[in-house]
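Student: Residue numbers (the working numbering), protein chains in the order written: chain A, 2 to 258; chain B, 2 to 258; chain C, -12 to 287; chain D, -12 to 287. Note that the Cβ used here is the ideal one computed from N, Cα and C, for glycine as well.
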Ligand SMILES: Nc1ncnc2c1ncn2[C@@H]1O[C@H](COP(=O)(O)OP(=O)(O)OP(=O)(O)O)[C@@H](O)[C@H]1O
Ligand SMILES: Nc1ncnc2c1ncn2[C@@H]1O[C@H](COP(=O)(O)OP(=O)(O)OP(=O)(O)O)[C@@H](O)[C@H]1O
Ligand SMILES: [Mg+2]
Ligand SMILES: [Mg+2]
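(1) Spatial neighbours of residue 124 (chain C) within its chain, please: C-beta separation below 8 Å, excluding the five flanking residues on both sides.
(2) Consult DSSP for residue 82 (chain A) and reduce its assignment to one of helix, strand or coil.
(3) Which runs of the alpha helix (DSSP H), 4 residues or longer, sit entirely within the stretch 22 to 101 of chain B?
(4) For a cutoff of 9 Å on Cβ pairs, would you count residue 178 (chain D) as touching chain C?
(5) Note down the Cα distance separating residue 188 (chain A) from residue 173 (chain A), rounded to an integer number of angstroms.
(6) Just mark residue 158 (chain D) as buried or exposed, buried being the case when its beta carbon has 16 or more other beta carbons within 10 Å.
(7) For a quick check, are the C-beta atoms of residue 206 (chain C) and residue 28 (chain C) less than 9 Å apart?
(8) DSSP three-state label for residue 205 (chain A), please.
(9) Which runs of the beta strand (DSSP E), 3 residues or longer, sit entirely within the stretch 156 to 217 of chain B?
(10) Can you pull the chain D neighbours of residue 2 (chain C), defined as C-beta to C-beta under 7 Å?
(11) Between the Cα of residue 166 (chain D) and the Cα atoms of D:260, D:82 and D:129, which residue gives the shortest distance?
(12) Which same chain residues end up closer than 7 Å to residue 172 (chain C) when comparing Cβ atoms and leaving out the 5 residues on each side of it in sequence?
(13) How about the stretch 194 to 214 of chain A and the stretch 30 to 39 of chain A: do they share at least three Cβ pairs that are nearer than 8 Å?
(14) Once the 5 residues before and after residue 77 (chain C) are set aside, which same chain residues still bring their CB inside 7 Å of it?
(15) Using the C-alpha atoms, what's the distance from residue 112 (chain C) back to residue 67 (chain C)?
(16) Can you name the residues of chain D whose CB is closer than 8 Å to the CB of residue 84 (chain B)?
(17) Taking the runs of the beta strand (DSSP E) that are 3 residues or longer, which of them lie wholly in the stretch 44 to 93 of chain D?
(18) Which term fits residue 217 (chain A), buried or exposed, when burial requires 16 or more other beta carbons within 10 angstroms of its beta carbon?
(19) If residue 50 (chain A) and residue 79 (chain A) are in contact, beta carbons under 8 Å, what's the gap, nearest whole angstrom?
(20) Hey, how far is the Cα of residue 75 (chain D) from the Cα of residue 156 (chain D)?
(21) Quick one: which unbroken alpha helix (DSSP H) runs of 4-plus residues sit fully inside the stretch 151 to 184 of chain D? Chain order, please.
(22) With a cut-off of 9 Å, does the C-beta of residue 196 (chain C) fall near any C-beta of chain G?
(23) Going straight from the alpha carbon of residue 68 (chain A) to that of residue 271 (chain C), what length do you get?
(24) Report the three-state DSSP secondary structure of residue 228 (chain C) (helix, strand or coil).
(25) Suppose the cutoff is 8 Å on Cβ atoms and the five residues either side in sequence are ignored; what does the same chain contact list for residue 210 (chain D) look like?
(26) Considering only the alpha carbon of each residue, which of C:164, C:34 and C:276 lies closest to residue 204 (chain C)?
(27) Spatial neighbours of residue 22 (chain A) within its chain, please: CB distance less than 6 Å, with the 5 preceding and 5 following residues excluded, ordered by chain position.
(28) Tell me which residue opens and which closes the beta strand (DSSP E) that residue 109 (chain C) is part of.
(29) With 16 as the cutoff for other CB atoms within 10 Å, does residue 5 (chain C) come out buried or exposed?
(30) Using a beta-carbon distance below 9 Å, is residue 92 (chain A) in contact with chain C?
(31) Would you report the Cα separation of residue 220 (chain A) and residue 278 (chain D), rounded to the nearest angstrom?
(32) Beta carbon of residue 83 (chain B), beta carbon of residue 159 (chain B): below 9 Å?
(33) Taking buried to mean at least 16 other C-beta atoms within 10 Å of its own C-beta, is residue 145 (chain B) buried or exposed?
(34) Let me see if you follow: with CB-CB separation under 9 Å, is residue 17 (chain B) close to chain A or not?
(35) Using a Cβ-Cβ cut-off of less than 7 Å, list which residues of the stretch 153 to 174 of chain D approach chain C; keep chain order.
(36) Could you give the residue range of the alpha helix (DSSP H) that holds residue 273 (chain C)?
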């Protein structure tokens, strides 16, 4: 699903956020990304969602090389991802409902589906009764959960969550990771950045540790880096058909715009 | 230092964020405030810093009744508080240095003092080399620490921190609380909202638990509510002189504006 | 595009949601439209005024000395027969001297009494078509007893020159105002968009295409243009009536073109201009922010 | 207030830091200043034009019929002696008839040859002070051989009326432009401030007093006013020269007031207006946001 080949990222101000990262994340994996503050975790996620582009190396998502992606295709890439932002990124002028519904409208869902789906997703994150509020009328944890709901609402193939539990209490954190695990068990790839070691320990998922821009630890290292053929034969894997459709979708962008 | 008498807060949209809170926090105390997401913790802090005003009841800070506070006096109240905001509240157009220095300039410190103090405080939070950056060029945890540095820079009498460790790893969280504990040991009152139970357990400070707008647990309950005289005779306590000066400062506002 | 209805609705809603910015834009747009509209109407009225004087198809035909008023009646009849002549009015030398006295002061003509009047009798001839002036004058001069015909050619040309001049200045003023207006409006829209760059950026980061993000802004721009046009028509009408009134009270003998006569072109051009400006302004100024990614927001 | 220097520096820096908004404000302010300035200079020139005609201190003194040109020379001498009289020029009846012919067309006066000329000889008298018109006329009329003095009172009054009229219209236009400008500028500043409400709110939440927050905004506003004034003076000068040039090429016999003559008042009024607008605009529009607390930002 996601391949990093010798990827480095240097910000315009000269900060080296990532050095020579090599990674493969399979479809359907659940990955925790951990590391100290400023290690490069958010940068790693931003590269995947194409908010930043690598300074060096190549990222491949669903068989599509990021460097070959046209500007018009970016929205179609993002539609296959559900993203929980570290800073929530809610539109303050819209209600909670509209913030979540917006992601569905952007992909062209019809109103009937939206009216059914949004309340359901809000109930999943425990915000059933807060749909009519504005984000500024919510507590920090509640805002974070709206961001989570928006990430889930389109049934994305990849969920990318940057500190989805930073502003909620341990019980709720646990519930949120459980929810993501459940979604993951239905085939969705999940990437979660977290600082909460307890959570990582509790759930037995793959853990990638980033330190000063380098991947210093990867609990499934043996499966990937040593067995490099896995990456090469990626398109022949059993989920080929679905992935093919995903990358077709992205290519369709050029005509739809 | 801080007194809540039957304080309730209902937001304009009808949400009851706090019900009938009675509390006394002494000068020099270190208090953890815990509770589920949306319990009312941030609202509690907002009331203290006068960003919101109580719908009912009376809050007294350093002998000064909040309900009697004039609009002009509010900045002088806040100058005695250092506040770490849950959403950081950094000015994106200013560098990290200027964001911190701004709080000193606002209280009229001279440039020489600012040039010495700001780098020192930035080094305390581990951001010595990032003074020239803009907040948007920092990671989430780094932004949070800038907010902390700004709260510390004026040597405030009260430090109010809303989730100061929400975006940093456990080691750094520990360091931050240790730093706050150290500052507390020099006589500063510290209020910290946190979700990290581990931290609360590690440091043996007073813990106030808020649930659905009510104080449901307070580890020093016996000292306070039962011994109501303590509150009544507040002005006679040994730190009277300093407090007097504090509330005098606030009153001076009217002439300086 | 799917969800078109939603996008239009969103655009309409945004006018209200961002009402501070909307009001700012509307005020600016209205000011510019009213200003440019006033200048245009002003210049139209001035040309009209000049034309009213210029298209005065009158000329004076002088009768030879020694012809009696009875002869004159006959001459008048002859003139009337000419095809291009619309009407003929006798203008006796007594009338002429009276008018001179009125216009230039009694003193000048004090020594001229009725017997000594050196002025000739004349006819005021109104022509149908000033284009045929030369032929008509030739025909009139063939008539016995006609001394000369006042040459209005020079006068007409002078007036035409003035009219051209006024038109050029007016068009110049209108063009300058249009340019200034576009400038002001462009900057206002830019300021509006700037305050919403976060919003745009967030939309993009959840996978909205550029056209999806842009659509509500375009609708919003056009609606603001439409509202501005409506207010401007009302404002201009009031202003116009007000100024007409001032002219009436100061006794200037000029009939303004009634506002109802220009209502249709005013409404049409305001609506077109307002909506175009709203559309184009939004389109151009959103482009820049569509290129931005989420890192322009306070970073994560 | 402590830290005054810092606040001023901050204000200056902010003009650059918020350059998108600054440029928008400056463009709008320049447009308004140039527009209003043009209207003012236009009206000043028109009054000047009218005054040039109106302050023509000439009058005509007619000589009684039967006085020879020799007598006239003596009468002229007498008139020259009167204190308020500046100069006296003989204007013979032959000259008069020639001018009439030129002005009104040969045809009208074709029967009038030199012998039959009914017009009187006259003097063109230039007075020092038009205020003393009535006394001077009385003295002139005492002189033997003077028939009458042309009554220029009416004419002068008519011109004064026109001049007043033009002035009123011009002042009206300028006032309308000033009002519209203030409107546009107020809205632009409001839009600018709106985009910075977060910043203001953050400043307040760390304990800055209102005056501390406001100061840089005021400095910023005044600097923007100053920059706008400078650009406007240049712009207006160019425009003015350009229009003067148009008048020259179209042969309109009117000398524009040279721009250097009005430079000082233009610079002074632009600077004052620009800085005042910048100051007042910022002051008024920041008030609203100073009242807001942090919860107007995306809540915690
Ligand atoms: N837009 C940017 N421009 C320049 N430097 C940046 C930018 N964003 C991040 N950085 C720097 O890159 C490094 C990695 O940042 P990143 O946001 O990836 O860290 P992180 O692992 O997400 O940290 P945290 O846990 O604190 O959110 C940091 O040193 C940060 O200062
Ligand atoms: N400005 C507001 N207007 C209306 N309701 C609000 C506002 N701010 C907070 N609330 C509501 O008040 C309640 C308490 O909010 P508060 O921010 O105090 O929670 P909190 O304990 O800080 O939660 P968290 O840990 O998620 O930050 C919540 O239900 C929230 O939705
Ligand atoms: Mg991060
Ligand atoms: Mg909170």
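Tutor: Judging by the given coordinates:
(1) 46 and 136
(2) strand
(3) 42 to 49 and 75 to 79
(4) It does; some Cβ of chain C falls within 9 Å.
(5) 23 Å
(6) That one is exposed.
(7) no
(8) Reduced to three states, the DSSP call for residue 205 (chain A) is coil.
(9) 159 to 163, 190 to 194 and 207 to 212
(10) Those do not exist, as residue 2 (chain C) stays about 15 Å from chain D at its closest Cβ, beyond 7 Å.
(11) D:260
(12) 15, 16, 19, 264 and 268
(13) yes
(14) 59, 63 and 110
(15) Counting only the Cα atoms, residue 112 (chain C) lies some 9 Å from residue 67 (chain C).
(16) Within chain D, the residues near residue 84 (chain B) are 192 and 193.
(17) 45 to 50 and 72 to 78
(18) exposed
(19) Taking a contact as a CB-CB distance under 8 Å, the pair residue 50 (chain A) and residue 79 (chain A) counts as one, their CB atoms being some 6 Å apart.
(20) Taking C-alpha positions only, residue 75 (chain D) is separated from residue 156 (chain D) by approximately 37 Å.
(21) none
(22) Note that chain G does not occur in the displayed structure, where the protein chains are A, B, C and D.
(23) 28 Å
(24) helix
(25) Result list for residue 210 (chain D): -2, -1, 2 and 265, in chain order.
(26) C:276
(27) 5, 8 and 216
(28) 109 to 114
(29) buried
(30) Yes, residue 92 (chain A) lies at the interface with chain C (some Cβ there is under 9 Å from its Cβ).
(31) 54 Å
(32) yes
(33) buried
(34) Closer than 9 Å: no.
(35) 167, 170, 171 and 174
(36) First-last of the alpha helix (DSSP H) with residue 273 (chain C): 246 to 277.
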